[in-house]
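Peer 1: Residue numbers (my numbering): -13 to 407.
Quick reminder that beta carbons are idealized off the backbone N, C-alpha and C, glycines included.
As the structure is a computational prediction, the values presented were derived from the model and not from experiment.
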Ligand code: ADP
Ligand code: MG
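So this is what it looks like as structure tokens:
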């Protein structure tokens, strides 16, 4: 089918039931359908999956989709299967499949039924799979969460580095699509270089979240009381409070409970049943607040989270952006409050001291940006967007006033003041 014959809007409606493309989706999809290497940078929730799912469904052959998390892949496959009546249109290929299942997947690919093949990067290295895929029609390779390829990203996975090499073995001229929500210029450069697509068509959406209010407050020994007060002032609203340690999560959740706030803890030390119960309670609004480590949030899509509090400052601006990004998904208010003390920076530095030197250096550089963010006296939104390589006019830009520094200009907070306490 030639591109000119494809009505993308019609296909969008047919497969996904949507009448409009979101943001840059249509441009991205056009680029992919034409067979171009394509690079997509869009914030979380921007609709990246559809950018490769729709092209996969309407072009010949099977698209290989690499994604780091099996749980997320399963969700996507279920979602795709629910929109297409054809059985076998999407598969996950991983080590949990038995022989019969693997041969079913292979036969669906051979017959051209399987349009999307989700694989974890480590599975893709398996000789058997590579040999099999070599002989098949592959429409393109989509690398989701492509920042995993970069040491400068927040989730480096060395197996991502092999993708280019493996793809070469599978076939020549297979277009590559990289997708990420990490917008720092350094990470982007790494992605393009490592995927071998420096000439890719690049589509970058704005990372500005105009409905989020950014605020940093000094962290004192009254932190728990400060947080309790904030939550009480926001009675009945949904919120997430991030803490660095499991112990602090438990303590703070208790403090809030004692103060009559409907809060539950969430961290990887809780058993799976408790975790999913607490997550459901949050989604169903049986409780208002989740006190959590960063284990909480991946794939959580609660539209009306009204505040995200950081009891401890995160280790990078990307992490902060991702975590605060869970607030105000519906476009309504989202208060992002971080408590900051330079002592926490020292603590994070100490955590890194056991790591390889290269990792420490990167970690240190990322932390220094966090310090700069916490201590800046200029627009925090401008700071964040600048970090992501985006210009922002702090007077006229969208959401310019949603920021403590802009609302209450103050003198710069000095890190050393904290140390002398
Ligand atoms: P990302 O991977 O960029 O974080 P997702 O692919 O998970 O985002 O999509 C986020 C949400 O947006 C999903 O619920 C998806 O169904 C929805 N979505 C994607 N494209 C559209 C569209 N064109 N119209 C309406 N909703 C869309
Ligand atoms: Mg995604």
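#1: Three Cβ pairs or more, each shorter than 8 Å: is that satisfied between the region 164 to 178 and the region 61 to 76?
#2: Quick check: is any heavy atom of the ligand ADP less than 7 Å from the C-beta of residue 305?
#3: Leaving out five residues before and five after residue 243 in sequence, what residues of the same chain have Cβ atoms less than 6 Å from its Cβ?
#4: At a cut-off of 7 Å, would you count residue 92 as near the ligand MG, judging by its Cβ distance to the nearest heavy atom?
#5: Does DSSP classify residue 406 as helix, strand or coil?
#6: What does the alpha-carbon distance come out to for the pair residue 406 and residue 328?
#7: Rounding to the nearest angstrom, what Cα-Cα distance links residue 24 and residue 37 in this structure?
#8: Around the C-beta of residue 354, are 16 or more other C-beta atoms found within 10 angstroms, so that it is buried, or is it exposed?
#9: Could you tell me whether the region 4 to 18 touches the region 278 to 288, where touching means 3 or more Cβ pairs closer than 8 Å?
#10: Hey, how far is the Cα of residue 375 from the Cα of residue 132?
#11: Is residue 350 helix, strand or coil when you go by DSSP?
#12: Using only the alpha-carbon positions, how far apart do residue 236 and residue 205 sit?
#13: Report whether the distance from the Cβ of residue 109 to the nearest heavy atom of the ligand ADP is below 7 Å.
#14: Could you tell me if residue 19 is buried or exposed, where buried requires 16 or more neighbouring beta carbons within 10 angstroms of its beta carbon?
#15: Under 7 Å from any heavy atom of the ligand HEM, does the C-beta of residue 8 make it?
#16: How many whole angstroms separate the CB atoms of residue 53 and residue 104, which I take to be in contact at a CB cut-off of 8 Å?
#17: Quick one: measure Cβ to Cβ for residue 297 and residue 238, integer angstroms, because I've assumed they're closer than 8 Å.
#18: For residue 190, which residues in the same chain have their Cβ closer than 6 Å to its Cβ, ignoring the five residues on either side in sequence?
#19: Could you check what DSSP says for residue 201 in three-state terms: helix, strand or coil?
#20: How about residue 325 and residue 143: do their beta carbons lie closer than 8 Å?
#21: What number of angstroms, rounded off, separates the C-alpha of residue 356 from the C-alpha of residue 302?
#22: Locate the beta strand (DSSP E) running through residue 76, then write down its first and last residues.
#23: Looking only at its chain, what residues have a beta carbon closer than 6 Å to the beta carbon of residue 305, apart from the 5 residues adjacent to it on each side?
#24: Cα-Cα, which of 130, 387 and 174 is closest to residue 137?
Peer 2: With the given structure in hand:
#1: no
#2: no
#3: 249
#4: no
#5: Reliability fails at residue 406, whose pLDDT of 45 lies under 50, so the model's placement of it is uncertain and the value that follows must be treated cautiously. It is coil, neither helix nor strand.
#6: With a pLDDT of 45 at residue 406, under the threshold of 50, the modelled position of that residue is not reliable, and the figure given next carries that caveat. Roughly 11 Å between the two C-alpha positions.
#7: 10 Å
#8: exposed
#9: no
#10: 18 Å
#11: helix
#12: 19 Å
#13: no
#14: buried
#15: As far as ligands go, the structure on display features the ligand ADP and the ligand MG and does not contain the ligand HEM.
#16: 6 Å
#17: 6 Å
#18: 27
#19: strand
#20: no
#21: 6 Å
#22: 76 to 79
#23: 140
#24: 174
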